[in-house]
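*Asks:*
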Amino acid sequence: MNPNINPLVLFFASIFTSNILLSNFLGMCSFISISKSLKSSNGLGMAVTMVMTITTAINWLVEKYVIVPFQLEYLRYIIYIIVIAAVVQILEMVIDRTAPNLYISLGIFLPLITVNCAILGVALFMQLRNYTLLQSIFFGLGSGLGWWLAIVLLAAIRIKVDKAPIPAPLKGVGITLITIGIMAMAFMGFAGMINVQ
Amino acid sequence: MNIWLAPLIVGIVSSVLSALIVIVDSIVNNYGEVEIDINNGKKKLKVKGGSPLLFTLASENIFVPSACGGRGSCGACKVKVLSDVGEYLPTELPYMSEEEIKENIRLSCQIKVKKDIKIQLPEELFNVKKLTGKVVSLKNVTHDIKEVRIKLPEEINFKAGQYVQIVVPPYDKIKQPTQRAYSIASTPSKKDEIDLLIRLVPGGIATTYVHNYLKEGDNLEVIGPFGEFYMRDTDADMICVAGGSGMAPIKSIVLDMYERGITNRNVWYFFGARTEKDLFYVELFKDLEKKWSNFHFIPALSRPMEPEKWDGEVGLITDVMVKYLENVVDKNTKKEGYLCGSPGMINACEKLLNEHGIKDVYYDKFA
């Protein structure tokens with residue numbers, strides 16, 4: 001049964017109230033390692049949004065027309081990952097040809113998205129919550145934008161924090177993790193506004 | 001039926017996606033025929049676009065030195081690019097100095113040939129060949145250095161002091177061919193046979209292969225010659241310093257000078273080792289000293305195991321060199337430095353040579 005949520009509501013909810021990163025803690029590893037610079041964070045955020053939207057839509061179709069009819073639910077993870085890997089490959093080639101400057105600024109981050117668990121997470125949530133195709137596309141796009149927003153926010157905070165007098169043992173990853181915790185708590189403030197489960 | 005269904009469906013999905021990738025690749029990555037202009041029109045190549053410059057040039061038998069084989073991890077395959085090939089990639093920047101960026105020097109393994117491109121290459125690279133040699137002898141010269149003699153199918157012209165790259169085939173857990181650079185230890189008079197000195201580096205891909213897997217009679221791919229380390233044609237005295245397998249290019253240079261009758265120059269060869277068991281070719285150079293009055297071989301041990309039996313110099317090679325520069329070597333002649341060994345040793349030696357007024361220092365650093 002499909003949850004009766006307007007795709008637009010789902011779109012905004014996945015950016016703010018149910019941010020994939022700050023409420024589900026998915027895609028943390030690149031979130032922490034790339035957020036040192038604003039430029040890289042922007043590039044990665046853009047790439048994640050693109051891949052997330054496209055793979056969620058394709059995986060929805062694969063789920064409906066391949067996985068369910070052939071009762072292959074137990075192979076869902078493998079099939080989703082294969083789709084994500086292929087989409088990243090194709091996207092890499094297309095971006096390289098059509099927007100070489102964007103390709104250069106994304107650098108090695110683009111192929112790394114294949115193993116970003118937020119991408120798989122969104123596809124699995126989409127299936128688990130029985131979203132329609134339109135809902136899934138908006139959910140994927142919103143989650144991507146939410147991830148982008150979170151990493152850019154963290155990068156901006158880290159630039160400020162780097163100049164602040166932090167106790168030596170907390171410098172680097174320590175203060176970053178604390179920052180993420182506080183950011184997540186701040187985003188929890190949105191959580192009561194709407195439930196997208 | 002069900003047993004076959006799952007792999008079949010996964011196989012079909014994978015095949016469809018793979019076919020899609022191949023189709024997109026053939027459409028998107030089809031850059032058609034592009035032209036590579038080398039050294040302002042001296043050589044023009046018509047090639048298929050889309051591949052990295054390093055591999056495109058290699059397919060046309062022009063081999064740019066690359067110790068890592070094109071993975072962007074050695075920074076050796078630098079090429080000056082005269083036309084626009086886009087911004088620097090994050091993978092290139094760690095290997096570039098500010099001056100190199102100003103001159104638009106790029107890593108040829110990282111930039112792709114997508115349109116007509118103009119580049120500048122040293123003329124010597126046109127002589128570089130890729131040959132499949134045969135290992136005719138494999139000898140332990142110390143407990144951790146092997147002398148590998150390779151018979152080549154055709155002659156190569158190199159200057160004493162230059163190096164070649166060997167292509168290590170996949171073995172054991174190493175799944176991809178790997179390239180590593182080694183100085184030639186033999187003299188250029190033997191054009192179809194080269195000697196390499198390879199020290200076992202624990203965990204090293206190429207050195208482990210040579211020490212534990214390579215056998216006499218095996219084939220080994222060799223690309224070369226490369227390098228700017230060779231004897232400069234002056235009449236200055238030569239201060240040569242080497243450590244360990246840094247012996248190779250100096251041995252080649254010294255023996256080549258003797259063979260060609262360039263014996264009027266004074267040559268001081270300081271060879272540093274830790275203990276007696278790290279010394280090699282001592283007899284060879286002691287013999288040469290007797291035949292060539294201007295040649296002086298000074299082996300030095302930093303930690304001799306039997307100090308009472310060792311009658312040579314003791315101490316770090318830099319200290320021994322300074323001792324000779326200050327007390328033994330004629331201070332009034334012009335001098336050049338020739339160094340080969342670890343970066344630490346070379347940096348220390350270069351600094352000391354400069355302090356003693358020797359500005360022309362040439363070296364071959366182990367990368």
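Heads up: the sequence lines are chains A and B, in that order.
Residue 23 in UniProt numbering sits at position 23 of the first sequence; the count goes up by one each step and never skips.
Residue 304 in UniProt numbering sits at position 304 of the second sequence; the count goes up by one each step and never skips.
Even glycine gets a Cβ: it sits at the ideal position worked out from N, Cα and C.
Could you tell me whether any Cβ in chain A is nearer than 9 Å to the Cβ of Ile317 of chain B?
*Replies:* Output row for Ile317 of chain B: interface = no.
*Asks:* Run through chain A and tell me which residues come within less than 9 Å of Gly11 of chain B, C-beta to C-beta.
*Replies:* In chain order: nothing, as chain A lies at least about 10 Å away.
*Asks:* From the DSSP secondary-structure annotation, give me the bridge partner or partners of Tyr269 of chain B.
*Replies:* Tyr269 of chain B is bridged to B:Cys240, B:Phe297.
*Asks:* Strictly below 8 Å CB to CB, what residues from chain A border Met25 of chain B?
*Replies:* Looking at the sequence provided, one finds Asp at residue 25 of chain B rather than Met. In chain order: Met93.
*Asks:* Check whether the Cβ of Leu72 of chain A lies closer than 8 Å to any heavy atom of the ligand COA, and answer yes or no.
*Replies:* Ligands are entirely absent from the displayed structure, and the ligand COA is therefore not among its contents.
*Asks:* Following the continuous alpha helix (DSSP H) through Leu53 of chain B, name the residue where it begins and the one where it ends.
*Replies:* Start and end: 53-59.
*Asks:* Any beta carbon of chain A sitting closer than 9 Å to that of Thr56 of chain B?
*Replies:* No - not a single Cβ of chain A is within 9 Å of the one on Thr56 of chain B.
*Asks:* With three or more C-beta pairs closer than 8 Å as the rule, is the region 122-134 of chain B touching the region 59-71 of chain B?
*Replies:* Contact between the region 59-71 of chain B and the region 122-134 of chain B is present, because at least three Cβ pairs lie under 8 Å.
*Asks:* For a cutoff of 9 Å on Cβ pairs, would you count Asn130 of chain A as touching chain B?
*Replies:* For Asn130 of chain A, the answer is no, since every Cβ of chain B falls outside 9 Å of its Cβ.
*Asks:* At which residues does the alpha helix (DSSP H) containing Gly45 of chain A begin and terminate?
*Replies:* It spans 38-62 - the alpha helix (DSSP H) in which Gly45 of chain A sits, taken as one unbroken run.
*Asks:* Check the Cβ-Cβ distances between Val81 of chain B and every residue of chain A, and say whether any is below 9 Å.
*Replies:* No, no contact with chain A.
*Asks:* Kindly list the residues whose CB is nearer than 7 Å to the CB of Lys251 of chain B, restricted to its own chain and excluding five residues on each side of it in sequence; keep chain order.
*Replies:* Taken in chain order, the residues that qualify are Ala185, Tyr281.
*Asks:* For a test of the three-state rule: what should DSSP assign to Thr178 of chain B, helix, strand or coil?
*Replies:* Residue state, collapsed to three classes: strand.
*Asks:* Use the C-beta contact count for Leu72 of chain A: other C-beta atoms within 10 angstroms, 16 or more gives buried, fewer gives exposed.
*Replies:* Result: buried.
*Asks:* Give the range of the beta strand (DSSP E) segment to which Ile38 of chain B is assigned.
*Replies:* Unbroken beta strand (DSSP E) run through Ile38 of chain B: 33-38.
*Asks:* Tell me which residues share the same chain as Pro170 of chain B and place their Cβ nearer than 8 Å to its Cβ, disregarding the 5 neighbours each side in the sequence.
*Replies:* The residues are Gln176, Pro177.
*Asks:* Asn101 of chain A touches chain B at which residues, Cβ-Cβ below 9 Å?
*Replies:* The answer, in chain order, is Gly86, Glu87.
*Asks:* For Thr318 of chain B and Met345 of chain B, what's the separation of their Cα atoms in angstroms?
*Replies:* Those two C-alpha atoms are separated by around 8 Å.
*Asks:* Going by other Cβ atoms of all chains shown within 10 Å of its Cβ, with 16 needed for buried, is Gly217 of chain B buried or exposed?
*Replies:* So Gly217 of chain B ends up on the exposed side.
*Asks:* What distance in whole Å lies between the Cβ atoms of Gly50 of chain B and Lys112 of chain B, which are believed to be in contact at a cut-off of 8 Å?
*Replies:* The pair is a contact, with the Cβ atoms about 7 Å apart (cut-off 8 Å).
*Asks:* Using a C-beta cutoff of 9 Å, does Thr207 of chain B count as contacting chain A?
*Replies:* Answer no: the Cβ-Cβ gap between Thr207 of chain B and chain A never drops below 9 Å.
*Asks:* So which of B:Gly86, B:Ile194, B:Ile101, B:Lys115 has the shortest CA-CA distance to Asn101 of chain A?
*Replies:* Answer by Cα proximity: B:Gly86.
*Asks:* So, is the C-beta of Leu38 of chain A closer than 9 Å to a C-beta in chain B?
*Replies:* For Leu38 of chain A, the answer is no, since every Cβ of chain B falls outside 9 Å of its Cβ.
*Asks:* What did DSSP end up calling Gln135 of chain A once you bin it into helix, strand or coil?
*Replies:* In the structure shown, Gln135 of chain A sits in a helix (DSSP, three-state: H, G or I).
*Asks:* Give the residues from the UniProt domain "2Fe-2S ferredoxin-type" (32-125) of chain B that approach chain A closer than 9 Å (Cβ to any Cβ), ordered along the chain.
*Replies:* If the cut-off is 9 Å between Cβ atoms, the UniProt domain "2Fe-2S ferredoxin-type" (32-125) of chain B has Gly86, Glu87, Tyr88, Leu89, Pro90, Thr91, Lys112, Lys114 near chain A.
*Asks:* Give the residues of chain A in contact with Asn264 of chain B, contact being defined as C-beta atoms less than 9 Å apart.
*Replies:* Near Asn264 of chain B there are no residues of chain A at all, since even the closest Cβ is about 55 Å away, more than 9 Å.
*Asks:* If the cut is a Cβ gap below 7 Å, which residues of chain A does Ala6 of chain B touch?
*Replies:* Ordered by position in chain A, the residues that pass the 7 Å Cβ test against Ala6 of chain B are Leu72, Leu75.
*Asks:* What residues in its chain sit with their C-beta under 6 Å from that of Asp192 of chain B, if we drop five residues either side in the sequence?
*Replies:* Excluding residues within five positions, the ones whose Cβ falls inside 6 Å are Leu152, Glu155.
*Asks:* If you measure from the beta carbon of Gln89 of chain A to each beta carbon in chain B, is any gap under 9 Å?
*Replies:* Cβ-Cβ to chain B under 9 Å: yes for Gln89 of chain A.
*Asks:* Hey, is Ile3 of chain B's beta-carbon within less than 9 Å of any beta-carbon in chain A?
*Replies:* Judged by the 9 Å Cβ criterion, Ile3 of chain B is not in contact with chain A.
*Asks:* How about Ala156 of chain A: is its C-beta nearer than 9 Å to some C-beta of chain B?
*Replies:* Output row for Ala156 of chain A: interface = no.
*Asks:* If you follow the beta strand (DSSP E) that Pro225 of chain B is in, where does it begin and where does it stop?
*Replies:* Segment 219-226, the beta strand (DSSP E) holding Pro225 of chain B.
*Asks:* Taking Cβ to Cβ, would you say Tyr269 of chain B is nearer than 9 Å to Ala242 of chain B?
*Replies:* Yes, they are a contact pair.
*Asks:* State buried or exposed for Trp4 of chain B, treating a residue as buried only when at least 16 other CB atoms are found within 10 Å of its CB.
*Replies:* Exposed, because fewer than 16 other Cβ atoms sit within 10 Å of the Cβ of Trp4 of chain B.
*Asks:* Quick check on Arg199 of chain B: buried or exposed, where buried means 16 or more other Cβ atoms within 10 Å of its Cβ?
*Replies:* With 16 or more Cβ atoms within 10 Å of its Cβ, Arg199 of chain B is classed as buried.
*Asks:* At a CB-CB cut-off below 7 Å, which residues of chain A make contact with Ser14 of chain B?
*Replies:* Those within 7 Å of Ser14 of chain B in chain A are Ile82.
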